[in-house]
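Enquirer: First the structure, then my questions, so here it is.
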Amino acid sequence: MNKKKIYQLGMEPQYAAHVILLWNEGEYPCDIRVRRAKTAGLIVVEVEELELANKIVNVTRCKVAIKEVEQSK
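Under our numbering, think of the first position of the sequence shown as 58, with each following residue one higher.
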């Protein structure tokens, strides 16, 4: 089993909407996952690429958490 890193970016809904819009237009070439955070008023965008996570953080100044998940081959 390998471990894979997932970057969880917690942000306000207006920033999440902008990220989703850019992803839909092809600006971000990888898959993203979006979900509500446990904290009221925050959205979590999950990405697997460090470069993309850094790009989004630089623009939105959002908070980042790194989650490692087991990946079966």
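C-beta: ideal position from N, C-alpha, C; glycine also.
As the structure is a prediction and not an experimental result, all values here were calculated from the model.
1. Taking DSSP as the reference, what is the three-state secondary structure of glutamate 108?
2. Mapping DSSP to helix, strand and coil, what is alanine 73?
3. Report the option in Val114, Glu105, Lys62 and Glu108 whose CA atom is closest to the CA atom of histidine 75.
4. Is DSSP giving leucine 78 helix, strand or coil here?
Expert: Result, derived from the coordinates:
1. helix
2. helix
3. Val114
4. helix
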